[in-house]
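FYI, the numbering for the sequence shown is 2 to 470, going by the working numbering. What follows is a set of notes on a single structure, which appears directly below.
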Amino acid sequence: NVQGTVLAFADEDRTLVTVRLVPNDENEPSPDLRLHWALGMQKPGDWTSPPDSCMTPGATREGSALQTPLGPVTEGGCREVTIPLGGVQGAQAMNYVIRDVSNNKWYKSGDTDFHSPLGKGVHVEDDFVADVDSLNLSSYDMYEFEGRDAISLMERYEKAKNMLTSTPSGPEGRDKMLALYTWLRFSQTRQLSWQRRHNTRPMFLSEATQALSYSIVSRWKSAVGAEKELLRMILSTVPRGSSGSDGQAIRDEILVIMRKFEIKKRKGTFMEEWHQKLHNNSTPDDIPICEAYLRFLESNGDKRVFYGYLEEKGIDKKRLMTYERPILQEPVFFPSIKNGLINELSHYLQTLKRVHSGADLFRCVDFVRGYIGEPLTTLLNTVLIHQGTEDKILQLLSVISDARQHLGRRLQSEGDDNKLRDMLYLDLALEGQARLLVEKGMEWVEKEPSVWLLLVAENFAYTTRYGCG
Numbered sequence: 002n003v004q005g006t007v008l009a010f011a012d013e014d015r016t017l018v019t020v021r022l023v024p025n026d027e028n029e030p031s032p033d034l035r036l037h038w039a040l041g042m043q044k045p046g047d048w049t050s051p052p053d054s055c056m057t058p059g060a061t062r063e064g065s066a067l068q069t070p071l072g073p074v075t076e077g078g079c080r081e082v083t084i085p086l087g088g089v090q091g092a093q094a095m096n097y098v099i100r101d102v103s104n105n106k107w108y109k110s111g112d113t114d115f116h117s118p119l120g121k122g123v124h125v126e127d128d129f130v131a132d133v134d135s136l137n138l139s140s141y142d143m144y145e146f147e148g149r150d151a152i153s154l155m156e157r158y159e160k161a162k163n164m165l166t167s168t169p170s171g172p173e174g175r176d177k178m179l180a181l182y183t184w185l186r187f188s189q190t191r192q193l194s195w196q197r198r199h200n201t202r203p204m205f206l207s208e209a210t211q212a213l214s215y216s217i218v219s220r221w222k223s224a225v226g227a228e229k230e231l232l233r234m235i236l237s238t239v240p241r242g243s244s245g246s247d248g249q250a251i252r253d254e255i256l257v258i259m260r261k262f263e264i265k266k267r268k269g270t271f272m273e274e275w276h277q278k279l280h281n282n283s284t285p286d287d288i289p290i291c292e293a294y295l296r297f298l299e300s301n302g303d304k305r306v307f308y309g310y311l312e313e314k315g316i317d318k319k320r321l322m323t324y325e326r327p328i329l330q331e332p333v334f335f336p337s338i339k340n341g342l343i344n345e346l347s348h349y350l351q352t353l354k355r356v357h358s359g360a361d362l363f364r365c366v367d368f369v370r371g372y373i374g375e376p377l378t379t380l381l382n383t384v385l386i387h388q389g390t391e392d393k394i395l396q397l398l399s400v401i402s403d404a405r406q407h408l409g410r411r412l413q414s415e416g417d418d419n420k421l422r423d424m425l426y427l428d429l430a431l432e433g434q435a436r437l438l439v440e441k442g443m444e445w446v447e448k449e450p451s452v453w454l455l456l457v458a459e460n461f462a463y464t465t466r467y468g469c470g
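So this is what it looks like as structure tokens:
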């Protein structure tokens, strides 16, 4: 590893900042080193993308950072680079790390980034000795995004798509791909905010989601080995998305329902508050909210049914109350419009699922019915008919294994991205159904251990080796 000291200093006008590396051993072979840097604008520690005026010959953009090559070796083995900051207004600091391109290494100042405040005549001296895990460097764009005051799920998906597009194939891009999966998985499980001080029209979220899912599928088609499976994992964290017209329908159709039953006249109700959320910040949470309200209506207004179902889906009262457009009121039962509401909201649920659902088994099967052919259609129908049947767990696992084997062969040869996306989501849905059966049927481990282990092993194999067997 290259070891030494970093010197950073600016001219009096702060229009130029020079970063100089002084190695401990001037005879140390000098690799291809680049400054991976960004600016602290609102906060000194921010990683804000520098403007084009900061680009120098050989510099490239890497997410929100610039990578600027260091100059040739000078006396004492030193290398340096001068960054023009004349076009930057209001920057508080420059934050950076050093990338060793030749050896695929990254260097920081111990456990932190190099940090140079941009005060007049600033002079910073720091040692660099640490070989940084490149996975951490891959996460800088995500840290910068999540640190914003205002974010939306739409913007997160757009950012993820750009990151995926800029990630190289093979071992060089593996760490960034792993970071991307982790980020989107945290988002999927609601560990990250979906909306914060930001309103998004459903049509724009729908289009951004669809664009990301197609980018993943396109990349999957040309990937090989472990990268293929990693892309499939990333796809599992992203809803299907849909056209902008489907997203717009989320706004339009709920308004039609509100007017039809004169619910807009009933201010301060659950339906009115949910309608406001749908118009401004529709998210995947709206699917279980709609399902919970349908169950509430079917139970003649039992609030325990409503909140119990939401709890099963990971949504509690606190989450309802902390949306950008909060749902503060409890659901109210209107006996006179019960049947009409159930009918209309059942149709509306399908609109929500077209935009926000991913590996929903029933919807995934509907998408492929027109072209999947036999015997796969018969196998899928069997799974749907017997879904939830407690005494046929082994039989269902066997049918799912057969279905995934046929589907895997189609996945290997399919060239149409639309069909490929449908089939990948279907495979994820079948894998999820198999997992549920395994969790429910542990008693079969003792009754039929050899058959049980064979079916579990088959399903695992079909996740990584499509259509094998």
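Heads up, the beta-carbon is just placed ideally off N, CA and C, and yes, glycines get one too.
Between which two residues does the beta strand (DSSP E) containing I84 stretch? From DSSP, the beta strand (DSSP E) with I84 extends over R80 to P85.
May I ask you to verify whether the region 386 to 403 touches the region 272 to 283, counting CB pairs closer than 8 Å and requiring at least 3? Segments in contact, no.
Under a three-way DSSP split, which group does A11 fall into? Under the three-state reduction of DSSP output, A11 falls in the strand class.
What is the residue span of the beta strand (DSSP E) that T19 lies within? Going by DSSP, T19 is part of the beta strand (DSSP E) stretching over L17 to P24.
Just reading off the beta strand (DSSP E) that L36 is part of, what are its end residues? Start and end: L34 to G41.
Thinking C-beta only, is I401 closer than 7 Å to A435? Annotated as proximal: A435 and I401, with beta-carbon spacing under 7 Å.
Any idea what DSSP makes of S117, helix, strand or coil? Reduced to three states, the DSSP call for S117 is strand.
L329 classed as buried or exposed, judged by whether at least 16 other C-beta atoms fall within 10 angstroms: Counting every other CB atom within 10 Å of its CB across the protein chains shown gives L329 a total below 16, marking it as exposed.
Looking at G41: is its Cβ nearer than 7 Å to the Cβ of Q93? Pairing G41 with Q93 gives a Cβ-Cβ distance under 7 Å.
E444, DSSP secondary structure in three states: The answer is coil: DSSP assigns E444 none of H, G, I, E or B.
Burial state of F211 (16 or more Cβ within 10 Å): It should be noted that the sequence gives Gln, not Phe, for residue 211. With 16 or more Cβ atoms within 10 Å of its Cβ, Q211 is classed as buried.
T166 versus Q192 - alpha carbon distance: Cα to Cα, the separation comes out at about 25 Å.
How big is the Cα-Cα spacing for D132 and T323? Low confidence applies to D132: its pLDDT is 42, below 50, so where it sits in the model is not reliable enough to give any reading.
What did DSSP end up calling Y324 once you bin it into helix, strand or coil? The answer is coil: DSSP assigns Y324 none of H, G, I, E or B.
May I have the straight-line CA-CA distance separating H357 from V74, to the nearest angstrom? Going from the Cα of H357 to the Cα of V74 covers about 54 Å.
Please tell me whether I251 and S283 are closer than 7 Å, where the distance is taken between their beta carbons. Closer than 7 Å, so yes.
Can you tell me whether DSSP reads G309 as helix, strand or coil? When DSSP states are grouped into helix, strand and coil, G309 belongs to the helix group.
Buried versus exposed, by CB contacts within 10 Å (16 or more), H37: Per the 10 Å Cβ criterion, buried.
Extent of the continuous alpha helix (DSSP H) to which N340 belongs: Boundaries of the alpha helix (DSSP H) harbouring N340: K339 to H357, taken from the DSSP string.
Please list, in chain order, all residues of the same chain as R471 whose beta carbon is under 7 Å from its beta carbon, the five residues on each side excluded. A question about residue 471 goes unanswered here, because the residues of the chain that appear run from 2 up to 470.
V400 - DSSP class collapsed to helix/strand/coil: Residue state, collapsed to three classes: helix.
In whole angstroms, what separates the C-alpha of L22 from that of E159? Cα-Cα distance, rounded: 36 Å.
Counting Cβ pairs closer than 8 Å, one from the region 283 to 300 and one from the region 215 to 231, do we hit at least three? Verdict: no, contact absent.
Among all the DSSP beta bridges, which residues are the ones paired with T49? According to DSSP, T49 bridges with L40.
Quick check on DSSP: helix, strand or coil for G433? Three-state DSSP puts G433 in a helix.
Just the C-alpha distance for L136 and K354, rounded to the nearest angstrom, thanks. Reliability of the predicted coordinates at L136 is poor, the pLDDT of 47 falling under 50, and the value obtained from them is presented with this limitation in mind. Whole-angstrom Cα-Cα distance: 34 Å.
Using three-state DSSP, classify K109 as helix, strand or coil. Strand.
Use the C-beta contact count for T465: other C-beta atoms within 10 angstroms, 16 or more gives buried, fewer gives exposed. T465 should be labelled exposed.
Between P51 and A39, how many whole angstroms is the CB-CB distance? I'm expecting something under 8 Å. Your pair P51 and A39 checks out as a contact, with CB atoms roughly 6 Å apart and the cut at 8 Å.
Could you tell me which residues DSSP puts in a beta bridge with V98? The bridge partners DSSP lists for V98 are H37.
Return the bridge partner residues of P70 from the DSSP annotation. R35.
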